[in-house]
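The sequence shown begins at 116 in the numbering used here and counts up one residue at a time.
For reference, the structure is listed below as structure tokens.
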Amino acid sequence: MSYITTKNQYVTVAGQQIAYRELGQGKSAIPLVMLVHLAATLDNWDPKLLDLLAEKQHVIVVDLPGVGASQGKVAPTIPGMAEQAIEILKTLGHERINLLGLSMGGMIAQEIVRIKGGTVNRLILAGTGPRGGLEMDRVTGKTFRYMLKAGLERIDPKRYIFYNHDEEGKIEANKVLGRMGMRRAEHTDKDMNIPGFLTQLKAIKRWGKSAKDDMRYITQPTLIVNGEKDMQVPTENSYVMHEKVAGSKLIIYPKAGHGSIFQYADEFSKELLAFLEA
């Protein structure tokens with residue numbers, strides 16, 4: 116079944132209903148858990164990428180508390196979000212996972228490793244940066260600026276947040292956003308609520324203003340991915356993480372930005388599957 120027609124499932128965690136979706140059950144001994152970006156729900160994953168990964172991997176995506184159809188409240192800190200994710204995975208019965216984090220999801224992924232590193236077998240950090248990294252505390256301002264720009268043109272803000280602002284970037288954005296837009300109403304998640312979105316922004320800013328991280332606690336095999344011109348979370352952060360995480364692998368995709376893993380879904384899925392199967 117394609118991700119575009121995969122409906123929410125629900126699990127009760129600490130008395131609250133949490134939404135998640137699964138693809139490729141039984142395809143891998145260890146599931147690949149994927150944490151999404153700021154203001155995103157389960158509908159904001161590129162269905163093409165998830166279908167490609169699910170050919171060989173058991174893929175799990177979740178709405179953390181207060182996001183999409185999940186009950187509860189968004190945690191006020193990135194470490195708090197990590198604690199929530201750990202509890203959800205425990206309830207789902209997964210004590211060992213491969214973990215991919217995109218943008219804010221990558222921040223949460225780092226904190227999951229810090230809190231309970233033994234849970235994570237292999238780590239993938241996409242379009243993200245380290246705690247206290249370059250312009251990590253400026254994500255809020257950039258987000259509102261790109262939202263305003265998109266609002267004036269009456270288009271999806273992801274056009275400017277995730278893709279280059281030139282004509283080629285427009286073409287690539289329309290490809291991915293078109294795939295996401297194919298989901299029918301009966302298969303959709305609930306929208307992100309504004310209070311939760313604002314709480315996420317504050318949490319990112321607090322994390323970005325925190326002390327710089329040496330990342331020495333990350334000892335598992337790590338794949339770091341970004342586009343060559345990420346304007347939301349500067350690509351320089353990916354190079355810094357690569358230097359700090361011993362033995363990590365770095366992939367930088369040309370003519371791409373924050374949404375490189377969607378823009379290069381075919382190439383990235385092959386790289387990721389090879390990384391997980393190594």
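Backbone N, C-alpha and C fix where the C-beta goes; we use that ideal spot for every residue, glycine too.
Checklist entry - Comparing alpha-carbon positions, which option in Glu382, Gly311, His357 and Ser353 lies nearest Gly244? => result Ser353
Item to check | Bridge partners - Asn308, DSSP secondary structure assignment | outcome: In DSSP, Asn308 forms no bridge with anything.
Checklist entry - Can you find at least 3 beta carbon pairs, one from the segment 184–196 and one from the segment 316–334, that sit closer than 8 Å? => result Yes, the segment 184–196 touches the segment 316–334.
Checklist entry - In chain order, what residues of the same chain lie with their CB nearer than 6 Å to the CB of Ser363, ignoring the 5 residues before and after it? => result Thr337, Ile339 and His357
Next on the checklist: Assuming the contact rule is C-beta atoms closer than 8 Å, Gln124 and Asn236 should be a hit. Round their C-beta distance to whole Å, please.
Outcome noted: Wrong, their Cβ atoms sit about 23 Å apart, outside the cutoff.
Checklist entry - Which of helix, strand or coil does DSSP assign to Val148? => result strand
Next on the checklist: Is the separation between the beta-carbon of Leu207 and that of Val151 shorter than 8 Å?
Outcome noted: With respect to the 8 Å criterion, Leu207 and Val151 are not classified as neighbours on the basis of their beta carbons.
Checklist entry - Residue range of the beta strand (DSSP E) that Arg237 falls in? => result Note, Arg237: beta strand (DSSP E), Val235 to Ala241.
Checklist entry - Does the distance from the CB of Lys264 to the CB of Tyr275 come in under 8 Å? => result yes
Item to check | Reference Ile366; option with closest CA among Lys290, Leu391, Ile239 and Arg253 | outcome: The residue with the shortest Cα to Cα distance from Ile366 is Ile239.
Item to check | Buried versus exposed call for Glu282 [16 or more other C-beta atoms within 10 Å across all chains shown] | outcome: exposed
Item to check | C-beta contact flag for Ile119 and Val148 at 8 Å | outcome: no
Next on the checklist: I need the boundaries of the alpha helix (DSSP H) containing Ile348, first residue and last residue.
Outcome noted: It should be noted that the sequence gives Val, not Ile, for residue 348. Note, Val348: premise wrong, no alpha helix (DSSP H); not H, not E.
Checklist entry - Considering only the beta carbon of each residue, do Ala154 and Phe312 sit closer than 8 Å? => result yes
Next on the checklist: On the CB-based measure, 16 or more other CB atoms within 10 Å of its CB, does Gly293 come out buried or exposed?
Outcome noted: Exposed, by the Cβ-count rule.
Item to check | Arg294 - containing beta strand (DSSP E), residue span | outcome: Counting along the chain, Arg294 falls outside any beta strand (DSSP E), though it belongs to the alpha helix (DSSP H) covering Glu282 to Met295.
Item to check | Coarse secondary structure for Arg211, derived from DSSP in three states | outcome: Under the three-state reduction of DSSP, Arg211 is assigned to coil, being neither helix nor strand.
Checklist entry - Any idea which residues DSSP pairs Ile367 with across the strands? => result Asn341
Item to check | Span of the alpha helix (DSSP H), counted from its first residue to its last, around Arg274 | outcome: Lys273 to Phe277
Item to check | Boundaries (first-last residue) of the alpha helix (DSSP H) holding Thr258 | outcome: Val254 to Glu268
Checklist entry - What's the gap between the Cα of Met219 and the Cα of Gln186? => result 20 Å
Checklist entry - Considering only C-alpha positions, which residue in the set Tyr379, His373, Ala380 and Leu387 is nearest to Gly242? => result His373
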